[in-house]
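Undergrad: Everything in the sequence shown is counted per our numbering, starting at 7 for the first residue and increasing by one. The structure's right below; bear with me while I get my questions together.
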Amino acid sequence: MVLRRKTPADRLFYAILGLSLALIAVIYCAVNQPASHLRFEVKERQKISVFDGQRLILQNVDSVAISSAGGENRILLNANDFTEDPHFVATYPEMQQFFIKQSQVHQLMSQHQHIFLQSGDHSSSTPYPVNIQPKRKLRDLPFEFWFQLAVSSIGFLLGCWIWALRPNEIAPRIFALLNAAYPVFAFSAAIYSTRDLALNAELFRVLVAINTGGALLYGCALISLFLVYPKQLIRTQWLWAIPIFFSGWWLLDTLFLLPEPSMGGDLPITLQMLSAILCMVWQWRANRHDPRAKVALRWFALWILVSSGAFVFLVQSTQLLDIQLNMSQAYSFGFFLFVTIGIAIGLKRYQLFSLDRWAFGILYWLAGAILLVLLDAFLVMMLSPLMSLSLAILICGLVWLPVRGWLQARLLQRKKLSDSELFERILQVSFAVNEQERQLQWKALLNDLFQPLNLEISEHENNSQIEDNGLVMYTPQVAGLAAMRLSYPQQGHRLFNAYDQQLVQNLLPFLAQAVESRVAYDKGVREERHRIARDLHDDLGAKLLSGLYQKDVDQAKQAIRQAIAEMRTIVNGLLGTAVELNMVLQEFEHEVVTRLQSCGIELNWQQNLGDVPITLSYAQYRHYISMLREIISNIMKYANAQSVIIEISLLDSQLVSVICDDGNGFDGETNQSEGNGLKNLRERATELSATLHFQSLPEAKGSRVELIFPL
Numbered sequence: 007m008v009l010r011r012k013t014p015a016d017r018l019f020y021a022i023l024g025l026s027l028a029l030i031a032v033i034y035c036a037v038n039q040p041a042s043h044l045r046f047e048v049k050e051r052q053k054i055s056v057f058d059g060q061r062l063i064l065q066n067v068d069s070v071a072i073s074s075a076g077g078e079n080r081i082l083l084n085a086n087d088f089t090e091d092p093h094f095v096a097t098y099p100e101m102q103q104f105f106i107k108q109s110q111v112h113q114l115m116s117q118h119q120h121i122f123l124q125s126g127d128h129s130s131s132t133p134y135p136v137n138i139q140p141k142r143k144l145r146d147l148p149f150e151f152w153f154q155l156a157v158s159s160i161g162f163l164l165g166c167w168i169w170a171l172r173p174n175e176i177a178p179r180i181f182a183l184l185n186a187a188y189p190v191f192a193f194s195a196a197i198y199s200t201r202d203l204a205l206n207a208e209l210f211r212v213l214v215a216i217n218t219g220g221a222l223l224y225g226c227a228l229i230s231l232f233l234v235y236p237k238q239l240i241r242t243q244w245l246w247a248i249p250i251f252f253s254g255w256w257l258l259d260t261l262f263l264l265p266e267p268s269m270g271g272d273l274p275i276t277l278q279m280l281s282a283i284l285c286m287v288w289q290w291r292a293n294r295h296d297p298r299a300k301v302a303l304r305w306f307a308l309w310i311l312v313s314s315g316a317f318v319f320l321v322q323s324t325q326l327l328d329i330q331l332n333m334s335q336a337y338s339f340g341f342f343l344f345v346t347i348g349i350a351i352g353l354k355r356y357q358l359f360s361l362d363r364w365a366f367g368i369l370y371w372l373a374g375a376i377l378l379v380l381l382d383a384f385l386v387m388m389l390s391p392l393m394s395l396s397l398a399i400l401i402c403g404l405v406w407l408p409v410r411g412w413l414q415a416r417l418l419q420r421k422k423l424s425d426s427e428l429f430e431r432i433l434q435v436s437f438a439v440n441e442q443e444r445q446l447q448w449k450a451l452l453n454d455l456f457q458p459l460n461l462e463i464s465e466h467e468n469n470s471q472i473e474d475n476g477l478v479m480y481t482p483q484v485a486g487l488a489a490m491r492l493s494y495p496q497q498g499h500r501l502f503n504a505y506d507q508q509l510v511q512n513l514l515p516f517l518a519q520a521v522e523s524r525v526a527y528d529k530g531v532r533e534e535r536h537r538i539a540r541d542l543h544d545d546l547g548a549k550l551l552s553g554l555y556q557k558d559v560d561q562a563k564q565a566i567r568q569a570i571a572e573m574r575t576i577v578n579g580l581l582g583t584a585v586e587l588n589m590v591l592q593e594f595e596h597e598v599v600t601r602l603q604s605c606g607i608e609l610n611w612q613q614n615l616g617d618v619p620i621t622l623s624y625a626q627y628r629h630y631i632s633m634l635r636e637i638i639s640n641i642m643k644y645a646n647a648q649s650v651i652i653e654i655s656l657l658d659s660q661l662v663s664v665i666c667d668d669g670n671g672f673d674g675e676t677n678q679s680e681g682n683g684l685k686n687l688r689e690r691a692t693e694l695s696a697t698l699h700f701q702s703l704p705e706a707k708g709s710r711v712e713l714i715f716p717l
């Protein structure tokens, strides 16, 4: 038979099942107690007030007497008898007396359906009858009871969640043990701290022992956790020395062998907290070269100081300043949930690197709060409480806030480029003279932004992402720039976080647009240079060469004049100057007349453009004139024509040019035997957004070419 391996879901199921059984047992124990439904309030640590619902029965008395009918079995209760936890009393004899009275009151309530209550200071006062119910109802259980159950259950499930995902690692196991101890001390305290009036003494002793043992187990697990995480500092077997030592301490407290109760509860827990902090310092030194471990430790320190600092600030400092907040012990257990949540996140390492920045902010806030408490505690010894608090706030405002700002600037602020500097650096990348220089500029920008220990080209081409728990960040390939791998930011003093990733993601589109614009600009420059070279070679060069071989002086001068005019046109095109159409056509007419006369061909030039001045851009001029020249050249070479008619007209903002000859005829739509001439004509027509039609006239009377383009 093959046993199925347990999955995380199985482990969580068993944890929830065990928790459910424990909750049922705790609730059963809490409701199966006699109930008086009275509410007792202790003020100034000695004055007792008693309420029946909203009705005030006794107010500010030093003691309360309860008895059966006729004043029998009279029991006198003072402020100590209403304390939530027996460890709050001063001595063990007082604790034993506390348990004796609890047993007496519980026995009285269990044996009688009616008891009587009156002030212990005035035996002559009228007794107040109280009806005793044998059991409490669920609705009778106070909010503090459910609060302790809720926070400890959440902590327990968080611990089990981490352990279920990583059951074979020692840190999650210890973390699970730590959170298993949470409901141990919280569940037991929930029963006795929210009791109605009394519990059975034996049950009370057992619950207190369980509470103390659970609290000490929690502290042992916390110390052990920081001895193994992030780096194991001691051998695993040596961890057993911690619970063995505190087990002896717990036994001495349970047997009342310590000098006083506070040494059995408060002292060992305080020592455990200090030991955990020392272990964190040890871990910090051991991991000083590991940024991930340092961030984890900083995160742990935040949550431990949040929990313990809040407890000190709300409980210890209020007692020091003699301020009565009357906060129940139950709510202090909620602070431990902060520790659980913080360590759970740290152990899971889920986006831990995104929490580093504001963890510092909370630590500074806590430091300011602790400084205020300590300063006020010092001043209260010399001044009145009100004056000392005001003076402490003033000193903190004048001293701590500037110091905090200086520390934040020193420790938190990293080298950061301003928006204008960032914009300038991106432009430097895009304006680099070549791709190699552009890549170097991009690397320099990333280096100044994040100061990584390693910056190298990567094959990673996806979106920017963070890996290896924040040690490494990848930037994708963009606009011809290679993907980059950055590791150990700020010279290894921190990890990459979500802000870094978002910064890169915001930069990439801007960088891509800038680089692509630069590349497009360079491409346009190259194309423009190529066009100028072509114009100089094809037009200006041809005219100069033609003039060079002219034997007639007048013809040579005319060719030179045409070359000068062509050069002027090219220069005007470079300067962006528009060309007047009438001037272009006059020069072209003179050119065509000369060329056709040399071949014995007669020209009939017809032009009808009206009086409105028309200008052409340089590109329009070059393509238009080149197409007309190509058409005339084809007529001279292949048509055997005697005459040529050229009609230039304006129709609906379109320039219409029609060239007819009386030669052999030619259908340019289907005939492809004339080489590249027709191909060049069609390419130029496309550049000009023009339509070009070839047609042979009927009865072999020549051909007709129509060129139309919008102005």
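Here a beta-carbon is modelled for each residue, glycine too, at the ideal position from N, C-alpha and C. What you are looking at is a predicted structure, and each value in this text was computed from that prediction instead of being measured.
Below 8 Å, how does it come out for the stretch 455–469 and the stretch 266–281: are there three or more Cβ pairs, yes or no?
TA: Too few Cβ pairs lie closer than 8 Å, so no.
Undergrad: Kindly indicate which residue of ILE310, ALA438, ALA562, GLN648 has the alpha-carbon position closest to the one of ILE347.
TA: Here residue 347 refers to the residue found at position 341 of the sequence shown. ILE347 has its Cα closest to that of ILE310, out of ILE310, ALA438, ALA562, GLN648.
Undergrad: Can you tell me which of VAL598, LEU554, ARG628 puts its alpha carbon nearest to the alpha carbon of MET573?
TA: In the sequence shown, the residue the question calls residue 573 occupies position 567. The shortest C-alpha separation from MET573 is found at ARG628.
Undergrad: Rounded C-beta distance between GLN108 and ALA204? I'm assuming under 8 Å.
TA: Your numbering for residue 108 matches position 102 in the sequence shown. Your numbering for residue 204 matches position 198 in the sequence shown. Correct: roughly 5 Å between the Cβ atoms.
Undergrad: At which residues does the alpha helix (DSSP H) containing VAL111 begin and terminate?
TA: Position 105 of the sequence shown, counted from the start, is the residue given in the question as residue 111. Start and end: 98–117.
Undergrad: Compute the distance between the beta-carbons of THR132 and GLN119, then report whether it is under 8 Å.
TA: In the sequence shown, the residue the question calls residue 132 occupies position 126. In the sequence shown, the residue the question calls residue 119 occupies position 113. No. Outside cutoff.
Undergrad: Are the stretch 181–188 and the stretch 165–173 touching, with three or more C-beta to C-beta distances below 8 Å?
TA: A contact exists between the stretch 181–188 and the stretch 165–173.
Undergrad: Starting from the C-beta of PHE502, find all residues in its chain whose C-beta is less than 8 Å away, skip the five residues before and the five after it, and write them out in chain order.
TA: Position 496 of the sequence shown, counting from 1, holds the residue named residue 502. Counting only Cβ-Cβ distances below 8 Å, and skipping sequence neighbours, we find PHE359, PHE456, ILE472, GLY476, LEU477, VAL478, MET479, LEU492, PRO495.
Undergrad: With a threshold of 16 other CB atoms inside 10 Å of the CB of SER159, please say whether the residue is buried or exposed.
TA: The residue given as residue 159 occupies position 153 in the sequence shown. SER159 comes out buried.
Undergrad: Which partner residues does TYR134 have in the DSSP bridge list?
TA: One-based indexing of the sequence shown puts residue 134 at position 128. DSSP output for TYR134 lists LEU123 as bridge partner(s).
Undergrad: Just how far apart, CA to CA, sit PHE594 and VAL662?
TA: Against the sequence shown, residue 594 aligns to sequence position 588. Against the sequence shown, residue 662 aligns to sequence position 656. So the two alpha carbons sit approximately 16 Å from each other.
Undergrad: Among residues of its own chain, excluding the 5 on either side of ILE72, which ones have a beta-carbon nearer than 6 Å to its beta-carbon?
TA: Indexing the sequence shown from 1 puts residue 72 at position 66. For ILE72, where only same-chain residues beyond five positions count, the Cβ hits under 6 Å are ILE81, ILE121, LEU123.
Undergrad: Using the C-alpha atoms, what's the distance from LEU656 back to ASP560?
TA: Counting from one through the sequence shown, the residue named residue 560 turns up at place 554. Counting from one through the sequence shown, the residue named residue 656 turns up at place 650. Approximately 35 Å between the Cα atoms of the pair.
Undergrad: At the level of alpha carbons, what is the spacing between ALA15 and ARG179?
TA: Within the sequence shown, the letter at position 9 stands for residue 15. Within the sequence shown, the letter at position 173 stands for residue 179. One C-alpha to the other measures close to 16 Å.
Undergrad: What are the start and end residues of each continuous alpha helix (DSSP H) run of 4 or more residues lying completely inside the stretch 508–539, in chain order?
TA: The stretch 508–539 contains no whole alpha helix (DSSP H) run of 4 or more residues.
Undergrad: Report yes if the C-beta distance between VAL214 and TYR198 is below 8 Å; otherwise report no.
TA: Counting from one through the sequence shown, the residue named residue 214 turns up at place 208. Counting from one through the sequence shown, the residue named residue 198 turns up at place 192. Cβ atoms of VAL214 and TYR198: closer than 8 Å.
Undergrad: Check the DSSP bridge columns for ASN460 and list the partner residues they point to.
TA: Working through the sequence shown from its first residue, we reach residue 460 at position 454. Per DSSP, SER493.
Undergrad: By the three-class DSSP mapping on this structure, what secondary structure does TYR224 have?
TA: Position 218 of the sequence shown, counted from the start, is the residue given in the question as residue 224. Here TYR224 sits in helix by DSSP.
Undergrad: Let me confirm a value: MET589 is counted as buried when at least 16 other C-beta atoms fall within 10 Å, else exposed. Which label applies?
TA: Stepping through the sequence shown from its first residue, residue 589 is reached at position 583. It is exposed - the Cβ of MET589 has fewer than 16 other Cβ atoms within 10 Å.
Undergrad: Can you give the Cα-Cα distance for TRP152 and TYR337, rounded to whole angstroms?
TA: Counting from 1 along the sequence shown, the entry for residue 152 is found at position 146. Counting from 1 along the sequence shown, the entry for residue 337 is found at position 331. If I take the Cα positions, the gap works out to 11 Å.
Undergrad: By DSSP, does SER360 sit in helix, in strand, or in coil?
TA: Position 354 of the sequence shown, counted from the first residue, corresponds to residue 360. Model confidence at SER360 stands at a pLDDT of 42, short of 50, so the residue's coordinates are unreliable and nothing is read from them.
Undergrad: Using 8 Å as the threshold, is the C-beta distance between ASP617 and ALA647 below it?
TA: What you label residue 617 is simply residue 611 of the sequence shown in a count that begins at 1. What you label residue 647 is simply residue 641 of the sequence shown in a count that begins at 1. The answer is no: Cβ separation not under 8 Å.
Undergrad: Taking DSSP as the reference, what is the three-state secondary structure of LEU550?
TA: Position 544 of the sequence shown holds residue 550. Three-state DSSP puts LEU550 in a helix.
Undergrad: Tell me where the beta strand (DSSP E) around LEU743 begins and ends.
TA: The requested residue 743 is not part of the displayed model; the chain covers only 7 to 717.
Undergrad: Please classify GLY126 as buried or exposed, where buried requires at least 16 other C-beta atoms within 10 Å of its C-beta.
TA: Along the sequence shown, one-based indexing puts residue 126 at 120. So GLY126 ends up on the buried side.
Undergrad: By the three-class DSSP mapping on this structure, what secondary structure does ASN588 have?
TA: For the purposes of this step, residue 588 is taken as the residue at position 582 of the sequence shown. In the structure shown, ASN588 sits in a helix (DSSP, three-state: H, G or I).
Undergrad: Expressed to the nearest angstrom, what Euclidean distance is found between the alpha-carbon atoms of PRO619 and ALA488?
TA: Translated into the one-based positions of the sequence shown, residue 619 becomes position 613. Translated into the one-based positions of the sequence shown, residue 488 becomes position 482. The alpha-carbon atoms of PRO619 and ALA488 are separated by roughly 53 Å.
Undergrad: Taking only three categories from DSSP, how would you classify ALA647?
TA: The residue given as residue 647 occupies position 641 in the sequence shown. Here ALA647 sits in coil by DSSP.
Undergrad: Which residues in the same chain have their Cβ closer than 7 Å to the Cβ of THR89, if we skip the five residues on either side of it in sequence?
TA: As a first step, residue 89 must be located in the sequence shown, where it is residue number 83. Correct list, in chain order: VAL95.
Undergrad: May I ask you to report which of helix, strand or coil DSSP gives TYR627?
TA: As a first step, residue 627 is located in the sequence shown; it is residue number 621 there, counting from the start. Looking at TYR627 - three-state DSSP - the assignment turns out to be helix.
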